[in-house]
Amino acid sequence: MQQIEIHHRTHETRILINAQEPAAYSPLAMLMTQPLAVWAERLFNELRETLNGARQFEVRFQSSEADWQTLAAAAEKARAQGMDIVLHPCASGCSVVQRTVAYPSLISQPPEGQRSMQHIEITHNPFTVNTAILVNGKQPAEGSPLTAYREQRLQRWVEGLFGDLDAVFNGATEFKLTFKGVESDWLDINEAAEKAEAEGMKITLEHAPFAKDGEKRLQELVKLKEKAKAENFLDFNDGDFLHNFQKALDRDFDVFVVATMSSGKSTLINSILGQDLLPAANEATTATIAEIYDNDGMPDGMFNATCYAQPGYVSEIECKEQKLDEAKSVKKELLTEWNNNPEVFKIKLEGNIQGIEERQHVRLVLTDTPGPNNSQNSEHSRTTQKCIQDESKQPLIIYVLNGTQLGTDDDKHLLGLVSKYMNKGGKQGKDRFLFVANKMDNFDPEKENVPDVLGRVHDYLESNGISHPLVYPVTARLAYLLRKEKAALERGDADRLTRAEQGDLNKLKFSFDVDEQETRDMDMEQYMPLSGRAKEKLDKRKLPPLLRRSGIPALESIIDEYIDKYCFPYRVKHAYDALLEAIRKAVNKNELELQLDQDAKALEQIKAAVAELNARKDKSFDLEVYKERIEREGKALPEPVEKTLFAIQQERMPVLADLDKRLHGEVSPLEASRLLGGANKELLFLHNKMVNAYEEEFKKAQDAIRADLKAEYQAYVQSLFPESNELKLPLLDSIKRSLGDMSLDLGVRNEDVQKKDKYEWQERAWYNPFRWFGDSHTQEYAGTREVVDLGDRWAKAKTEIETALRGLVENAQVHIQFGHEQLIEDYMAFMTQQFDKHFSQLMAELDAKLSDQQQREDAIAQAKAQLDRINSFEAKLKATLEV
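Residues are numbered in our numbering as their position in the sequence shown, beginning at 1, plus a constant of 378.
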């Protein structure tokens, strides 16, 4: 009798065979990272193969009651095939709020002195991004790995938490951890604990949840901002404040749907929309980007649409969209027409996406991206890659796979890019990629089962560098037909579905019948790694069981959960920071007024200091000399930018070297066409990847240069004030802070462009479109030669390609340098116009108040009242983020 021990948590499994772990790359080892529903039916056959035909197994299994039932059913099927199986339950499930699980057989016991329970208390506020940790009632020592968590988002450190605890306590394995925070972060703590338990730790978890969620806090901040505006004690004309607060309240939350050929991407989106709206064409020939904006105020089933031409450059660094056409209550026929129009680059739709929860401060934007190797427009290909490479917004990516057809070259390139950004983004980097295995209805469940299919999907993603992928199996066709039929019934349409659609729906209902025991394996939701919160929200929607079996509603719940987990904390923090900075500036301004509450002698000193300040300012600023120095010292790009540009430039080298190895020798014209076509795709992908990296670096360079110029400005303000120990005047400090608080708007101004009736529309960007190989190589040899000298063909093309890539690098550097110089020009314009005006106005107001006693007394009284209001407002503001 073979002894098997299995410990299963969520989508991770630990297996011992006769007290030994299986080999690292054995089929059994590959099961460890997959949901139990995926591997349960495969388990006993894999055991038989691994153990040379053994058919007698004694299995000890530790997991939840539901998982126990799943494994028991699989064991019963194995017994029916002649196996002798004895199944023993270990300690079964435990509650979400508190649980204690130990795996003593998986580790050696620690020394006696390390066996006492260690008490850890963690309070994490995602709205201020602050973490407080107590270890056995005391703060961790400086230098401890735990102190690095203080100002990091939980998703950045949670995966390494228990490893760090292990290091801090020198191998201790028993912990009681009390966590105070939001529910979504608590679920991440749970997941990390489950993985640690699989390594042998004994962990007790307790949760003290926050009273308010992110959406409520954001609503409170908006109300506070409106109150401050009504009472007029904050400066709402301050450019920095307006920009930062509006950025925090930007309602749009991006979800990009990415796929390669034949994955059913358009059908999946139509299933979420509940109607046949997007053309379900071959993704490789999709000609447009479709952005769908959720508007819960519009009638169900109605979408308005606008189409746009490709953005044109109205300046060296600014792009604008050009509207071509628009329609109310658009139909699929018009969208198909726009999709086939080569002038149409993007379509924007607006309507009610019913499956996504309505929120006051978040609007879902669901984007249907073209294929990564779109042949009609290279900009489309770049857009698909850009959403993956976007590290600033970190949008949610739904990567759609054909569950029955894996392994395209397009997938290989795109998954390599996904892997890179998943691995560098921490927990959020992993959470933002959802892998959807579509078309799960395209196989015969009597010949093949869902776990086998999902096992292949997991193996395929793992082989492309995606560790522990979150895979969600769906049959979008079923959800789409069910929702279309329901919408038609509600409208009273006689012809609800076409005859073909009705036939498809009848077949799907038979395959997914909720009343048939034989079809229970076709319930897609059971294979999804859903949190308890997501399942709870699904239950509250009271959806038809057949619709839930399609897996689409569960996918919608995951989108909702991501918004709650990442979107709201980000926005709350940025809105809070913007208001806090506005308070700081308002306090400085009013404290300046309070400094006027002085006796006659002190006022005379202040008058003399202000006069000296005016004189110093007039003498200190020689525009031409200052401009020469700034341009001379600021000509070079910041060093980190230079290093990143060099790293991007080097990315082309290994790709070209690999093509050198593969493209050589004499081959048939057909084989030459295939190989060069593949090379063309690789180079297109490389080109777009480099362009996106340069665009991202341009934004970072602009931010770095703005920061440098703001520091330069603060240094200039500081230089106006004498460093003297003889005369201590608080007023001078207040003036210095007031000048330093000026909004330094260094963006490219567009007022002139907006006033023009017409402007030049350039069909180019700073980079050249990708045009290599083309189709010429197939015509050159067709019918005239039976072989192609591939090495010669590649050598000729490589020269052109290397020239083009070098040109791309040079153009990027010029583009970034131009942005740099534009910011310097903006800064010099600011110093000679806005600063002089502000300085003169501030001095004039001070002089008037110093000379007029009544005006001075009125200003002091108003400042005191304003400071009282500001202090009360600040207390309420801080209360919105309290834990």
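For each residue, glycine too, the CB sits at the ideal point set by N, CA and C.
Values in this document were obtained by computation on a predicted structure and should not be read as measured data.
query, result
"Give me, in chain order, the residues of the same chain whose beta-carbon lies closer than 7 Å to that of R737; leave out the 5 immediate sequence neighbours on both sides.", "E593"
"According to the neighbour-count rule (16 or more other Cβ atoms, all chains shown, within 10 Å of its Cβ), is V475 buried or exposed?", "A caution first: V475 carries a pLDDT of 31, below 50, which makes its placement in the model too unreliable to give a value."
"So what's D630 in DSSP terms, helix, strand or just coil?", "strand"
"Going by the beta-carbon positions, is the gap between E419 and P823 smaller than 8 Å?", "no"
"Grab me the residues of Q1027's own chain with a C-beta within less than 6 Å of its C-beta, minus the 5 sequence neighbours each way, in chain order.", "V1187"
"Given a cut-off of 8 Å on the beta-carbon distance, is the pair I650 and E934 in contact?", "yes"
"Please name the residue or residues paired with Y671 in a DSSP beta bridge.", "E728 and V743"
"Between V1045, E584, L1245 and A1079, which lies nearest to Q1200 when the distance is taken from Cα to Cα?", "A1079"
"At 3 residues or longer, and completely inside the segment 789-875: list those beta strand (DSSP E) runs for me, N to C.", "811-816 and 849-851"
"Assign A1085 to one of two classes, buried (16 or more other C-beta atoms within 10 Å of its C-beta) or exposed (fewer than that).", "exposed"
"Helix, strand or coil: which one does DSSP assign to V1165?", "coil"
"What do you reckon, is the C-beta of E711 under 7 Å from a heavy atom of the ligand MN?", "Within the structure as shown, the ligand MN is missing, as the structure has no ligands at all."
"Given a cut-off of 8 Å on the beta-carbon distance, is the pair Q806 and Y944 in contact?", "yes"
"Less than 8 Å between the C-beta atoms of L599 and A953, yes or no?", "yes"
"May I ask you to report which of helix, strand or coil DSSP gives L1186?", "helix"
"Does DSSP classify G431 as helix, strand or coil?", "coil"
"For the beta strand (DSSP E) holding K580, just list the boundary residues, first then last.", "K580 to P587"
"Could you name the residues of the same chain whose beta carbon sits closer than 6 Å to that of A687, not counting the 5 residues immediately before and after it, in chain order?", "Q700, L702, E721 and F723"
"Output needed for L793: all residues of its chain with C-beta closer than 6 Å, excluding positions within five of it in sequence on either side, in chain order.", "N842"
"If you check the beta carbons only, do N1066 and Q772 fall under 8 Å apart?", "no"
"For L867, count neighbouring Cβ atoms within 10 angstroms of its own Cβ and tell me buried if that reaches 16, exposed if not.", "exposed"
"Going straight from the alpha carbon of T684 to that of D672, what length do you get?", "15 Å"
"Helix, strand or coil for A550 per DSSP?", "coil"
"Is any beta-carbon of chain B found at less than 8 Å from that of G807?", "Absence of chain B from the displayed structure is noted, only one protein chain being present."
"Hey, could you find the ends of the alpha helix (DSSP H) Y940 is sitting in?", "I930 to Y940"
"According to DSSP, is E1029 part of a helix, a strand, or is it coil?", "coil"
"State the DSSP-derived secondary structure class of V560, mapped to helix, strand or coil.", "coil"
"Below 8 Å, can you find three or more Cβ-Cβ pairs linking the segment 632-645 to the segment 706-715?", "no"
"What's the gap between the Cα of A415 and the Cα of Q904?", "7 Å"
"For R447, count the other beta carbons within 10 Å of its own beta carbon; 16 or more makes it buried, fewer makes it exposed. Which is it?", "Looking at the sequence itself, residue 447 is Gln, so the reference to Arg does not match. Q447 should be labelled exposed."
"Exposed or buried, which one is M1031 when buried takes at least 16 other CB atoms within 10 Å?", "exposed"
"Rounded to the nearest angstrom, what separates K607 and K601 at their Cα positions?", "10 Å"
"Does the pairing of the segment 453-465 with the segment 509-524 give three or more beta-carbon distances under 8 Å?", "no"
"To the nearest angstrom, report how far apart V633 and D809 are at their CA atoms.", "13 Å"
"Could you pull out every residue in the same chain whose Cβ sits closer than 7 Å to the Cβ of E735, ignoring the five residues on either side in sequence?", "D938"
"Since L774 is in the beta strand (DSSP E), which residue starts that stretch and which ends it?", "L774 to N780"
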